[in-house]
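Protein chains in written order, with UniProt numbering: chain P, 1 to 274; chain F, 1 to 319; chain B, 1 to 476. All C-beta atoms, glycine included, are put in the ideal place defined by N, C-alpha and C. Here is the structure we will look at.
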Amino acid sequence: MSERVAVRKTYKLFIGGKFPRSESGRSYLVQSSNVSLASRKDARDAVVAARAAVKGWAGATAYNRGQILYRAAEMLEGRREQFVALGIPGDEVDAAVDRWVWYAGWADKLAQVYGGANPVAGPYFNISAPEPTGVVAAVAPERPALLGLVSVIAPAIVTGNTVVVAASATEPLAAVTLAEVLATSDLPGGVVNILTGAITETAPTLAAHMDVNAIDLTGVTDAALATDLEVKAAENLKRVLRPAPADHDWSVDPGLDRMTALLETKTVWHPKGV
Amino acid sequence: MTATTTSARSELSELGRSETALRTFLHGLPGVDQVGAEQRAAQLSTRSIKTTAKAQAIDLAIRMVDLTTLEGADTPGKVRALAAKALRPDPADPSCPHVGAVCVYPAMVPHVAEVLRGSAVHLASVATAFPSGQAPLEIKLADTRAAVAAGADEIDMVINRGAFLAGRYKEVYDEIVATKEASGDAHLKVILETGELATYDNVRRASWLAMLAGGDFIKTSTGKVPIAATMPVSLVMLEAVRDFREATGRQVGVKPAGGIKTTKDAIKYLVMVNETVGPDWLDPDWFRFGASSLLNDLLMQRTKLTTGTYSGPDYFTLD
Amino acid sequence: MFEYAPAPESRSVVDLKPSYGLFIDGTFVDPTDGGSFKSINPASEEVLAEVAEAGAQDVERAVRAARKAYDKVWGPMPGRDRAKYLYRIARLIQERSRELAVLESLDNGKPIRESRDVDLPLVAAHFFYYAGWADKLEHAGFGANPRPIGVAAQVIPWNFPLLMLAWKIAPALAAGNTVVLKPAETTPLTALLFAEICQQADLPAGVVNILTGAGDTGRTLVEHAGVDKVAFTGSTDVGRAIARSVAGTSKKLTLELGGKAANIVFDDAPIDQAVEGIVNGIFFNQGHVCCAGSRLLVQENVADRVLESLKRRMAQLRVGDPLDKNTDVGAINSAAQLERIRELSDAGSAEGAERWSPPCDLPDRGFWFAPTIFTGVTQAHRIAREEIFGPVLSVLTFRTPAEAVEKANNTPYGLSAGIWTDKGSRILWMADRLRAGVVWANTFNKFDPTSPFGGYKESGYGREGGRHGLEGYLNV
């Protein structure tokens, strides 16, 4: 009896909730698969999709965002073996699920921890609350390909931002598989957009893009590239998260920093009177 | 008066016919933000009025004083003395102007009238069962007619706060209209008793109600409840007379009363008049202070400016 | 009818020296490689004092002094002791507030009423507020053991010279950093008086260093490799340049930049207070305010009425001698700023907007610009897009709340916004949608040390004031 011929997967980009090939028609061979090689145009399309998704996602209730993120964790857990098959250690998949759940729970808590009433010296109600900054462009760490990626995406979107993330160039398959998880998690299209390919091609476009509000350089290892991206980001005063140290330990408690770096604080005043 | 204000005036005069129309109109007036109004009043209080401006302000303030005594213990002798002081506040200085009016209870009007006869000092009488206004309408109107008959040319009436706060605007309106009629040629000052109105929104509504009903002046207080005139209340009333004139062409006066005791206070009010409604109101015909002890302080400050030395209360007659 | 006689605040409380050195390591020193420049009174163009211009070696000296103080004294000092120094400074500011207020008005041109009643009380309040944080940082929500960053380079603007100094220095010192601060070249004098206050407070040498100078001095300072933190308040263009210059370094950066705030008036607004808010929003401090309500968005069905009231109110503004206690609008800070205001206003007229100012006599000497409004402005006009930083208001109308939000957000800036309506739910709906760091509802231009301040988008990043204001000075 002949062995069954497997159906292979095509690894494509994830933009606006869809899985398009690169508009350039290019792919590159990595992890024994052909993976889309995103172009500058793909990066721009992803920004457009991310921007379009901001209003609905930032405007959703925190509870709703928390539910959707938790749903994504459920989906991720369900595909554990699939990630293991891609070479992701089981421990890392578990850590990624746990991280996702941890961030999901912050959706309806961060405003209480990071904002609050300010006791101004006058007859005013005064309250500060965090808000998403908008569209975040991120460069995920090369590895750990899954935990690193989750650790970049989840803190950005839990508060209502949308992201365009450049996945690990050397291990992109986990990213595309994560996209499949997200596509089946009730996450609105465009909230997370994943580009595979060369960071040197996509990141400068994202850093210079005037409709991007923040850039997370976590995964940039080339110091000269990081500097160049930060310089480009200055053009519209993007919020910048600088590269993580090479020896960064992704397993430790991430704290609030990755979330708060991508937030604005809005303070509202109103007089108190009769 | 422009054609628009004429028609607006006739439209507004229709409002008094219906409770609903009055309510709709009064509740459609722009709100007053308490904090903002109080800050504006406080800001105006920081003006620094010195030297020539101060001298000018003091004389104007003296001319605007409604020299008042409203005590159970008032006697003919006391009110005559007060009237004499109204005519010549500073006997030592003939350049000192006379006050705007003397304000007394109806029973005291004849005694004051004797002294003021032939002078330019007005004679105001509180009426309408002052200060509570808690009497049947016929009694209030009789009170008013008696005061006018005795020689009062200005009537200070109180509104029915209970009716106003209960939303019975037409009742308040009708009472003012009736009192205005009973006052004949005498000017009618409508006391809102703002200390009992609770909010600036109410002060604005009561101001408009009094003006719509024909009041010639709107006045803050009787002086008989704990909260009398304040700067922000007077600010809201000044805004009301300003807006009313803009809408109808008719100018209405404002009289803060009670609690204004010092020259400094009086000058703050004049600054507020100047910067809120402008020079048209900087005249005793359109702005008055209901006060008693204020006059002596104005006189002392006036002496200080003319002589360069501070005077003392012993050099001015007690009220 | 009722003319206010001049009521000048006495200048005699200010003892100005003919010249000032740099404040480095606790003492005033002459510049090593710098020069000098003159600070003038913008209301009279009279020279107030000659001030040192710090060169690169002076920057080096100051950064080294700050580093030494950080390593040896201020960093290791217990928070409770840092707190006491800051409390001392706060008290001295209160004690000397009249002197500081007069000097601020002389050097800046702002009315004494504002420097006395707004700037100085807020300056003292900021030091008081942050003094109390110095020994409570572990409770500030930034982890159990938040650490200072090190040496902070701080560059501040000329619109609120001493207040901006307070916003920068108070949180920096409370968190345990040492600072090198450069005041604006047109308004260096109160910072130098503040240096004297540091001496009077026996603040350890090198904790606060003040370098006077212009753009070059500021650039040299923020680019200095020995600096760990850069804080800048000023124009968006300079902010951009600084953001580029710190790229690739580990310097932490906070920026408070320009704005083009919408002040939105609905038909159910408390009109008289709204008019005050509009006036306060754009004519406070001659409109030299980054969060100024420079775009009035008024609902079309009340536009005529609001404009009429606004014009009547503007006619009451007293423009003139900043030291006169009755002045509402003082002098434009510099000839260069006056030129910019004129240029943009002329562009407003040229682009077809209708210009109006109340009649007002402007002094012959000094830099002056009458309070001005433009009506018939559209979103496309330069005066609706560019920050004028002067007493010039652009008036636009809107029909629906959604249109108001859209117009308000249609700018690269996002510092502040105003909403005027008596309807509470509409305020909250609007506040949710406005992309601005500070939203004033039924009020405007209110500030408090406990209240975070800072912008979205090109208005910068980071917050000053409140618990949030510590974050920029802690290693978190």
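Review point. Should P:Glu-235 be flagged as near chain B, meaning a C-beta pair shorter than 8 Å?
Key: yes
Exercise for review: Mind checking the region 11-35 of chain F against chain B and listing, in chain order, the residues whose C-beta falls within less than 8 Å of any C-beta there?
Suggested key: Pro-30, Gly-31, Val-32, Asp-33, Val-35
Check your understanding: Within 7 Å: the Cβ of B:Glu-276 and any heavy atom of the ligand FMN?
Key -> Summarising the ligand content, the structure contains no ligands, and the ligand FMN is consequently not present.
Review point. Start and end of the alpha helix (DSSP H) containing P:Glu-131?
Key: It is not in any alpha helix (DSSP H) - P:Glu-131 instead sits in the beta strand (DSSP E) that spans 124-132.
Review point. Any idea if B:Ala-331 is buried or exposed, counting beta-carbon neighbours within 10 angstroms, 16 or more meaning buried?
Key: buried
Check your understanding: Should P:Val-252 go down as buried or exposed, given a rule of 16 or more other Cβ atoms within 10 Å for buried?
Key -> exposed
Check your understanding: If you compare alpha carbons, which of B:Leu-255, B:Gly-293, B:Ala-66 is closest to B:Leu-393?
Key -> B:Gly-293
Practice item. Helix, strand or coil for P:Lys-9, going by three-state DSSP, please let me know. Key: coil
Practice item. Locate the beta strand (DSSP E) running through B:Ile-419, then write down its first and last residues. Key: 416-420
Exercise for review: Could you name the residues that DSSP lists as bridge partners for P:Ile-15?
Suggested key: P:Lys-18
Review point. Do F:Ile-218 and F:Val-254 come within 8 Å of each other at the CB atom, strictly closer than that value?
Key: yes
Point to revise | C-alpha gap between B:Glu-60 and B:Ala-153, whole angstroms | key: 12 Å
Review point. When you compare each of B:Val-29, B:Gly-455, B:Ser-357, B:Ala-431 to B:Leu-317 by their alpha carbons, which one comes out closest?
Key: B:Ser-357
Practice item. Starting from the beta carbon of F:Thr-199, find every residue of chain D whose beta carbon is closer than 7 Å, and list them in chain order. Key: Of the protein chains in this structure, namely P, F and B, none is chain D.
Point to revise | 8 Å Cβ cutoff met for F:Gly-195 and F:Val-225 | key: yes
Review point. Between B:Phe-2 and chain F, is there a C-beta pair that is closer than 8 Å?
Key: yes
**Study point:** Test item: CB-CB of B:Lys-325 and F:Ser-48 under 8 Å
**Key:** yes
Check your understanding: What did DSSP end up calling P:Tyr-114 once you bin it into helix, strand or coil?
Key -> helix
**Study point:** Contact the region 54-72 of chain B vs the region 236-253 of chain B: 3+ CB pairs below 8 Å
**Key:** no
Review point. Is B:Gly-34 closer than 8 Å to B:Gly-55 when the C-beta atoms are compared?
Key: yes
Exercise for review: Can you grab the Cα-Cα spacing for the pair B:Glu-45 / P:Ala-50, in whole Å?
Suggested key: 53 Å
Review point. Which value, in whole angstroms, describes the spacing of the CA atoms of B:Ile-383 and B:Asp-81?
Key: 49 Å
Check your understanding: Between the C-alpha atoms of B:Phe-28 and B:Glu-50, what's the straight-line distance to the nearest angstrom?
Key -> 14 Å
Point to revise | Closer than 8 Å to chain P by CB, B:Val-29 | key: no
Check your understanding: B:Tyr-413 and B:Lys-260: beta carbons closer than 8 Å?
Key -> yes
Practice item. For B:Asn-442, go through chain F and note every residue whose CB falls closer than 9 Å to its CB, in chain order. Key: Asp-33, Val-35, Gly-36
Exercise for review: Let me know the secondary structure DSSP gives P:Ser-27 once reduced to three states.
Suggested key: strand
Check your understanding: Considering only residues of the region 146-175 of chain P, which uninterrupted beta strand (DSSP E) runs meet the minimum length of 3 residues and lie entirely inside it, listed in chain order?
Key -> 162-166
Point to revise | Where F:Leu-197 falls: helix, strand or coil (DSSP) | key: coil
Practice item. Give, in chain order, every residue of the region 116-138 of chain P whose Cβ lies closer than 9 Å to some Cβ of chain F. Key: Gly-122, Pro-123, Tyr-124
Practice item. Could you give the DSSP three-state label for P:Ser-251: helix, strand or coil? Key: coil
Practice item. Determine, using beta carbons only, whether F:Thr-51 comes closer than 8 Å to chain B. Key: yes
Practice item. State the beta-bridge partners of F:Leu-188 as determined by DSSP. Key: F:Ile-155
Review point. Counting contacts by CB-CB distance shorter than 8 Å, is B:Gly-277 in contact with chain F?
Key: yes
Review point. Do residue 321 of chain F and F:Ala-152 have their CB atoms nearer than 8 Å?
Key: As displayed, chain F neither begins before 1 nor continues past 319, which places residue 321 of chain F out of reach and without an answer.
**Study point:** Within 7 Å of chain B by C-beta, residues of the region 256-268 of chain P in sequence order
**Key:** Asp-257, Glu-264, Thr-265, Lys-266, Thr-267, Val-268
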